[in-house]
C-alpha cells in the first residue's frame, strides 16, 4: 500500500460504508472529513429515522 504523504480525505455519506471507510482511515492515521446530507449518522440503518428504513414506503 502506498502511504498518503499530504492532504486529507473527504468521505461522503455517513451510512454503513462511509462509517467503515472513516474507521479504516482513522486506524491508518489518515486525516479525513465525514459529511452527510442528513443530520445523523447511520444512513438507512439509523433506527431514529423510521421512514428511511428498507421496506418502508
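In mature numbering (1 follows the signal peptide of the UniProt record, and there is no 0), the protein residues as written are -22 to -1, 1 to 35.
Glycine included, each C-beta is placed from N, C-alpha and C at the ideal position.
Item to check | residue -14 versus residue 5 - alpha carbon distance | outcome: Distance from the CA of residue -14 to the CA of residue 5, rounded to the nearest whole angstrom, comes to 14 Å.
Next on the checklist: If I measure Cβ to Cβ from residue -1 and keep anything under 7 Å in the same chain, skipping five residues before and after, which residues do I get?
Outcome noted: -12, 10, 12
Checklist entry - Would residue 21 pass as a contact of residue -9 if the rule is Cβ separation under 8 Å? => result Contact: yes.
Checklist entry - Helix, strand or coil: which one does DSSP assign to residue 3? => result helix
Next on the checklist: Less than 6 Å between C-beta atoms, sequence neighbours within five positions excluded: which residues of the same chain meet that for residue -5?
Outcome noted: -12
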